[in-house]
Amino acid sequence: MRFVSKDIGQDLSGLERLRIDFQKKNTREDVVRTVRYLLAGSGEAIERAYDCIFGTYKLNGFGEACVMELLGWGDAKRPPFNNRSIRGIRFLGFDVEHLVAGE
């Protein structure tokens, strides 16, 4: 979703152009179908993610990072946790060294 033509409203922000481009390339029904399948479909989560990245549930402009982030936010056992999360938690004053070390 990173690169969108400037032909889509030069006076719009990048985020607005991304949204318009995404909506042009994917129907609402396809988006709902993919999100439902990814978060609540049958089978293993990693297999559903694969289907959303490479298979019949793939959305145009919604790649691996987007799929895995959404999967993480949708699963309480697999929350997204990366360097940005760690910095934010540290900023709030929490000690995250034991989480970073995998303890």
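Residue numbers for the sequence shown follow the working numbering, beginning at 1149 and rising by one. Even glycine gets a Cβ: it sits at the ideal position worked out from N, Cα and C. A quick note: this is a predicted structure, and the numbers were derived from the prediction, not measured.
Counting only runs of 4+ residues fully inside the stretch 1180-1223, write out the alpha helix (DSSP H) ranges in chain order.
Counting only runs of 4 or more, we get 1193-1202, 1212-1221.
In three-state terms, what does DSSP make of M1149?
Indexing the sequence shown from 1 puts residue 1149 at position 1. Residue confidence is low: M1149 scores 42 on pLDDT, short of 50, so the model does not pin down where it sits. No coordinate-derived value is stated.
Let me know if A1197 comes out buried or exposed under the rule of 16 or more other beta-carbons within 10 Å of its beta-carbon.
Numbered from its first residue, the sequence shown carries residue 1197 at position 49. Under this definition A1197 is a buried residue.
So the alpha helix (DSSP H) S1233 belongs to, where does it begin and stop?
As a position in the sequence shown, residue 1233 is number 85, starting the count at 1. Taken as a continuous stretch (DSSP letters only), the alpha helix (DSSP H) holding S1233 covers 1231-1239.
Give the range of the alpha helix (DSSP H) segment to which F1170 is assigned.
Sequence index remark: in the sequence shown, residue 1170 carries index 22 (1-based). Unbroken alpha helix (DSSP H) run through F1170: 1162-1173.
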